[in-house]
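The structure under discussion appears below in the form of C-alpha cells.
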Amino acid sequence: MNALHTGGCHCGQLRYQFSGPLRDIAHCHCSICRRVRGGIVTTWI
Numbered sequence: 059m060n061a062l063h064t065g066g067c068h069c070g071q072l073r074y075q076f077s078g079p080l081r082d083i084a085h086c087h088c089s090i091c092r093r094v095r096g097g098i099v100t101t102w103i
C-alpha cells in the first residue's frame, strides 16, 4: 500500500507530495549539514 506524503517549507512557498513507502530515512548532525541547512539536525528522506 502506498501512502501519500506531503510537506513543504515553513513560509509556504514550496509544497510537495509523493506516494510510496518511506525508505532510507536518515538524520545527520555533522558540521557540514548543520552549516549548510542552518539547524541542529538535517533529515534526509
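Residue numbering for the sequence shown follows the numbering used here, beginning at 59 and increasing consecutively. A virtual CB, placed ideally from N, CA and C, is assigned to each residue, including glycine.
Terminal residues of the alpha helix (DSSP H) in which residue 93 lies: The count along the sequence shown starts at 1 and reaches residue 93 at position 35. Element bounds for residue 93: 89–95.
Cα-Cα separation, residue 97 to residue 83: Walking along the sequence shown from the start, residue 97 turns up at place 39. Walking along the sequence shown from the start, residue 83 turns up at place 25. Rounded to the nearest angstrom, the two C-alpha atoms are 17 Å apart.
Beta carbon of residue 85 nearer than 8 Å to that of residue 76: If you number the sequence shown from 1, residue 85 lands on position 27. If you number the sequence shown from 1, residue 76 lands on position 18. In this structure, residue 76 does not lie closer than 8 Å to residue 85 by Cβ.
Length of the line joining the Cα atoms of residue 74 and residue 60: In the sequence shown, counting from the first residue as 1, residue 74 sits at position 16. In the sequence shown, counting from the first residue as 1, residue 60 sits at position 2. Looking at the two C-alpha atoms, the distance is approximately 16 Å.
Residue 80 and residue 103 closer than 8 Å at C-beta: One-based indexing of the sequence shown puts residue 80 at position 22. One-based indexing of the sequence shown puts residue 103 at position 45. Cβ atoms of residue 80 and residue 103: closer than 8 Å.
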